[in-house]
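Protein chains in written order, with my numbering: chain A, 1 to 250; chain B, 1001 to 1250; chain C, 2001 to 2250; chain D, 3001 to 3250; chain E, 4001 to 4250; chain F, 5001 to 5250.
The beta carbon of each residue, even a glycine, is placed where N, CA and C say it ideally should be.
6 protein chains.
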Amino acid sequence: MKILVINPNISESVSALIEAEAKRSASPGTEIEVATAPFGVAYIETRFESLVGAYATSCVAAERAGTYDGVVVAAFGDPGLQGIKELLDVPVVGLTEASLMTAATLGQRFSIIAISPRIKAWYRETVERSHLGNRLASIRALEEPLRDIGSVQQDYAERLKALCNEVVENDGADVIIIAGAPLAGLAREIRHELPVPVVDGVSSSITQLEGLIRLNPKKATKGSFAQPPVKPNRGLPEALERLLSSRKTD
Amino acid sequence: MKILVINPNISESVSALIEAEAKRSASPGTEIEVATAPFGVAYIETRFESLVGAYATSCVAAERAGTYDGVVVAAFGDPGLQGIKELLDVPVVGLTEASLMTAATLGQRFSIIAISPRIKAWYRETVERSHLGNRLASIRALEEPLRDIGSVQQDYAERLKALCNEVVENDGADVIIIAGAPLAGLAREIRHELPVPVVDGVSSSITQLEGLIRLNPKKATKGSFAQPPVKPNRGLPEALERLLSSRKTD
Amino acid sequence: MKILVINPNISESVSALIEAEAKRSASPGTEIEVATAPFGVAYIETRFESLVGAYATSCVAAERAGTYDGVVVAAFGDPGLQGIKELLDVPVVGLTEASLMTAATLGQRFSIIAISPRIKAWYRETVERSHLGNRLASIRALEEPLRDIGSVQQDYAERLKALCNEVVENDGADVIIIAGAPLAGLAREIRHELPVPVVDGVSSSITQLEGLIRLNPKKATKGSFAQPPVKPNRGLPEALERLLSSRKTD
Amino acid sequence: MKILVINPNISESVSALIEAEAKRSASPGTEIEVATAPFGVAYIETRFESLVGAYATSCVAAERAGTYDGVVVAAFGDPGLQGIKELLDVPVVGLTEASLMTAATLGQRFSIIAISPRIKAWYRETVERSHLGNRLASIRALEEPLRDIGSVQQDYAERLKALCNEVVENDGADVIIIAGAPLAGLAREIRHELPVPVVDGVSSSITQLEGLIRLNPKKATKGSFAQPPVKPNRGLPEALERLLSSRKTD
Amino acid sequence: MKILVINPNISESVSALIEAEAKRSASPGTEIEVATAPFGVAYIETRFESLVGAYATSCVAAERAGTYDGVVVAAFGDPGLQGIKELLDVPVVGLTEASLMTAATLGQRFSIIAISPRIKAWYRETVERSHLGNRLASIRALEEPLRDIGSVQQDYAERLKALCNEVVENDGADVIIIAGAPLAGLAREIRHELPVPVVDGVSSSITQLEGLIRLNPKKATKGSFAQPPVKPNRGLPEALERLLSSRKTD
Amino acid sequence: MKILVINPNISESVSALIEAEAKRSASPGTEIEVATAPFGVAYIETRFESLVGAYATSCVAAERAGTYDGVVVAAFGDPGLQGIKELLDVPVVGLTEASLMTAATLGQRFSIIAISPRIKAWYRETVERSHLGNRLASIRALEEPLRDIGSVQQDYAERLKALCNEVVENDGADVIIIAGAPLAGLAREIRHELPVPVVDGVSSSITQLEGLIRLNPKKATKGSFAQPPVKPNRGLPEALERLLSSRKTD
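What follows is the structure in structure tokens.
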């Protein structure tokens, strides 16, 4: 099977981190292709930045339509995820969604470790969209301004480990979700040092998506995740227009 | 004061309906300017269509930055509303948000009348985002396929009135929200025939926004609705990039 | 238009604060009249005190029926608000309700700054009644016993500003609601010193109510906000009995 | 022990029904005294009517202070219940509260059978105040206008039994709550004909209150159910003023 | 009446504490019999331990079927409570359920004081099962490892009192629930030293159950708390099999 | 990897259905072993039956400890699932949990199709335990009494398909969960005839569990899913006692 992993932000260094962890997580026989948003911002930590990343990700998914069995929207906060599930006829997952679904099988309450304070509000809202907000024990973040998004793991490894221990000791977390594509792979590195299971967005996404592709769910032809109805449109990239105009028969 | 009303879909006929109702609702001294999305779809009824409309609306708001005191995102479902509130330094409201806040002062439980079945799921999620989902008595919609989005009011006036009565008699609605820019003004026309207060998105938005502009709230410099942090970006329309790169001093 | 603002507590000094801020907030052409509860307690901070204030406010509203286009129940915690909405045939708002609806358009999560610890429980329950409890980041209060309810602003201005900063830094508030009629106008004074928008009950109420009056919603003849059904009664003030006995035709 | 049962409405016929069921439910050794509201309306089915009943009930409780070990606020919807709990130094229960607490031990989901459609909204809000709204399967009501509140049981016995069966068959009720003081005792009469346990407000209240009196809980001196703080007041009935002014020592 | 109190854990010392408090709480004429689980663990503080306790308690209840008018499942966390309510044809209550229902009539928000940190997660889930989670102000626990479950009260009386004061001062508790059968009776001992009402599981259970038995609710023959349908089974203790196979006629 | 699938009910015919679907769903290289509960009831549809099944399943898991990499609790309603997660040091999933997590990635709202009306209450509570109750559109069930649990699929195929279409047309389901081990494999058979994705408990469980085993999460040594603390016990099966007494070092 082939999985397209789309980085909704424009940072190639982050795409590299994502690619490394995605390939480490993939099953034998799964081909991973990573694409970077052609426009947008360096990293996504606010609702507006997510709005832009959502459109960029949609464009990339449309351009490469037909070349993959499933898509990962590879930013925590899942920019545009539900809209892209409507658009495509293959399974699509996001880093937050996959992390939540994985964490939910490993414990009752989970905490999220994030890279910046600004990002916490948007993560909280993403969790609330899933209706799992009542299982969120806490969100803790690095307080320091980020020097370089691509090197956040090395720069702050000790502080991140300290946050992990805080959520277990103080917040009642059964599971820790280390959030954000820039932290891809960090869970794998420090997992042996932590007292509860640790979940990472990229590895959870690859695993969840492989499972969905194997289950081979049918694309909805009714309900709110069927393809958007065909209707007049204007000014969209050709690939997007093509997808929106094609009628899927049952 | 001057209010910019942005139609997130590309239908000029809908923009005309919006403009008529907005001007009817505005106070003396309020100047209304309506802009139509330069790209997107004919009318928005799904999450993906909203995603596209969100980006189009952001572009329009950025292009005209500095020429208005407030913005209305004029589609029910509020495409991109929270992101656009981050982006701009003036108040921004959406049709759903304003309808909910108005309806909430007129009763405890409200129902939404919508133009298509497909749209119901997306409306429900928009209400849930506000956390007022528990006050939503029901959403009822026209079941018939829409011939022409600009003439939906005339074509279906009787059916819409019937739906209004159903939500009062059967669903326990204290207030009716007639939803969707294509229905702009319908509330005004049939209000005298209905047994509970009726709320319309466009008139509520203009009213709420005028109030906010008069209150003159300060633009946040901290918290999650401050402007997105300045960071590298690429490939954005010049107006958007300019807005994102300007540093607002406290 | 004419707005009647009723102070549910008996303190004329508080009525004076309310009147000053109400007049500052009103649009040109809006006439403000302030009435003080003829019986009750000096300031309302508990459920029982609110129960008494509710009845006093209803009596005042009934006495002056027909002389106003809308009513403000001018205590945070909105004593009797929903019952008074049933009773009258004009729009009625309360300080909490209006603050919440205004705050909800300026951010996702808000905190309330209150004048006493005792009052926090009652405020929380008022917010829960609106179903916006999940958007309440925190309620913080002055801990010191109040010397004089009419001078709380001057006495505690610095402490109140400190509480405002705490809710932004520690509790994740996007918006601050400064609560309670005794604090009427404080938002206006300190707003420029705070990093997020600040909402005040009196100015929000006047603004929201002006908007509602302009929208001219119909009085419900069905549903739970129609006038209470005509039925036998005894021992009520004449004005109240008159209102309850009049049959509103559709 | 002695229990004062206060009817918040002015109907002596309803007080008689309440008294009969209260005495039937009381343990040997429990003395029941029933008082009727000296002012108010014939029966309470709206929020405003409850607001008036709350004040009337408070006045009665204050007048007879010191003569009872506990109080029942004997209207479903519990007018003023939380405020009266603050005011008094003995346990106080309401018909809804007691019904919910009893029903909650007999099943997971319960339905409420009510006497009029108008009353449903207010009952729902009362249940929501307890935070047990998610366990409420449904509220069904007589649709017919009530001829005489004191004879509702005889007039509508068959229709009420039909509603009871509907909530079990269609709504998934494990327990039925027959609501409203005018229906006091109906549960007892038809219980043997119904397939699930039936709960009645008056008998539940007497039972719950006897239990609380036996547990002899201490009156709070801190927290939000301590007596309201002593403060200036005006125009209150002497008995109420006396209660508010007395300082309870710890 | 006769009440069977079943200790789901195997500690006779805990059964003794339970018995003492149960007898102190019982009304004259109520006979109390205490049984200890024949298999299981010393004290229950996790979900798995509760699972075992649930089965042990069911076996005991089945063995003694017909000899009691009601049953108390005497561990906080109510192991197997809902299943045992299905099984038996008399009322059954648990320590948590009874504590919550009692606390809910004494205040709006309550805190739980527990004997170990491990137990907090399971208590929280038990409260959530009742849907009263939104009224839970906090759960605080002893942090120290327990020397001897039977002597926890004496060993930690001062620390427990300190926790009680913390939940009032810091967490906004109107009522304190002292949780766990090993703490049976502690509420009675320290109640006079605390500023809010204190609720204890055993005394609440006896009181609630006496009330239910007096109300004499009918055993459901429909709905989800009717006896489990008769069906093939294997390997169950004879008493359990007999109960499951008996058909209750209406 | 090796997966142990435990059927919590005693029906070998159901175990056969489970085994067939489990093997069809497994990846190459995954060995499936199915065990049937040694005691209990023919099929689980109530809380009490689940309580018994929980204990039986725990016993089986303990007996075979060390012979598997993960466990599936193969009854919808997940008897004892959270307790068994505490007990074992490998991942454990249940049919409901896995179905929910899979469905949640395929749509926003899902409906459950069940085999009997009695079972609906217990399923609802299982979904509520996950906190995804707000995403549950509806639960519909066969109304007819089951002739033979092992042949329910053949007997009722048409009726089950009709229910599937109802939840899409009437209840707003984006995804259908066909629930219950006796229906294992039905999703696979009828999927092509339905307009939305269909999820089956057994195939979802195998897929989710394979993913978890590949992610190789660490067994918690802190938090509420660590092994239950070592403490005195009595009368437990030897295998269970051994597991409870072993101390896992970090």
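The criterion of a C-beta distance shorter than 7 Å is not satisfied by A:I18 and A:V230.
Sequence-distant Cβ neighbours of F:I5044 in its own chain, meaning closer than 7 Å and more than five residues away, are P5008, N5009, S5050, G5053, A5075, G5077, P5079. Against chain A, the beta carbon of F:V5196 has neighbours under 7 Å at A220, K222, G223, listed in chain order.
C:S2099: member of the alpha helix (DSSP H) spanning 2095–2103, first to last residue. Taking the beta carbon of F:V5041 as reference, the chain E residues within 9 Å of it are P4228, K4231, P4232, N4233, R4234, L4236, L4244, listed in sequence order. Residue range 4012–4025 is occupied by the alpha helix (DSSP H) that includes E:K4023. Here C:T2036 carries a strand assignment [DSSP, helix/strand/coil]. At least 7 Å separates the beta-carbon of B:I1178 from that of B:F1110. According to the DSSP assignment, A:R129 belongs to the alpha helix (DSSP H) that extends over 118–129. Cα atoms of C:I2112 and C:K2120: separation of roughly 9 Å, rounded to the nearest angstrom.
Closer than 7 Å to the CB of E:M4101 there is at least one CB belonging to chain D. Annotation: F:S5246 to A:L186 spans about 31 Å, alpha carbon to alpha carbon.
Measuring C-alpha to C-alpha distances from D:S3138 to each of D:I3115, D:D3171, D:K3161, D:E3158 identifies D:D3171 as the nearest. Secondary structure in the stretch 5179–5211 of chain F: the beta strand (DSSP E) runs of 3 residues or longer, each lying completely within the stretch, are 5198–5200 in chain order. The Cβ neighbour count for E:E4086, taken over all protein chains shown within 10 Å, is at least 16; the residue is labelled buried. Beta-bridge annotation (DSSP): A:K2 is paired with A:E31.
Contact annotation for F:T5207 against chain A: G211, R214, L215 [CB-CB distance below 7 Å, chain order].
For F:A5114, the secondary structure class from DSSP, reduced to helix, strand or coil, is strand. In this structure, the CA atom of E:F4039 is about 7 Å from the CA atom of F:N5233. The beta-carbon separation of A:V34 and A:S11, rounded to 12 Å, does not stay under the 8 Å limit for a contact.
In this structure, D:I3006 sits near D:T3057, with a CB-CB distance shorter than 7 Å.
Rounded to whole angstroms, the separation of the alpha carbons of C:E2125 and B:I1115 is 36 Å. Against chain A, the CB of F:N5134 has a partner CB under 7 Å away; the residue lies at that interface. Residues A4054, S4058 of the same chain have their beta carbon placed closer than 8 Å to that of E:G4083, with the five preceding and five following residues left out of the count.
Straight through space, the alpha carbons of A:S130 and A:E166 are spaced by roughly 25 Å. The residue among C:I2190, C:V2175, C:E2144 with its C-alpha nearest the C-alpha of C:A2157 is C:I2190. Annotation for F:I5084: the continuous alpha helix (DSSP H) segment containing it runs 5081–5087. With a threshold of 16 other beta carbon atoms within 10 Å, F:R5159 falls short and is exposed. Taking C-alpha positions only, D:L3081 is separated from D:L3088 by approximately 11 Å. Those residues of the stretch 3021–3036 of chain D placed with their C-beta closer than 9 Å to a C-beta in chain E are S3025, S3027, ordered along the chain. For E:A4121, the C-beta contacts it makes with chain A under 8 Å involve Q108, R109, G172, D174, in order along the chain. Shortest Cα-Cα distance from B:L1106 to any of C:A2220, C:E2238, C:E2169 involves C:A2220. The bridge partners DSSP lists for F:S5138 are F:S5111.
At a cut-off of 7 Å between C-beta atoms, A:P38 counts as an interface residue with respect to chain B. In this chain, A:G70 is not harboured by any alpha helix (DSSP H); it is covered by the beta strand (DSSP E) spanning 70–73. In this structure, the alpha-carbon of C:A2239 lies about 45 Å from that of B:V1090.
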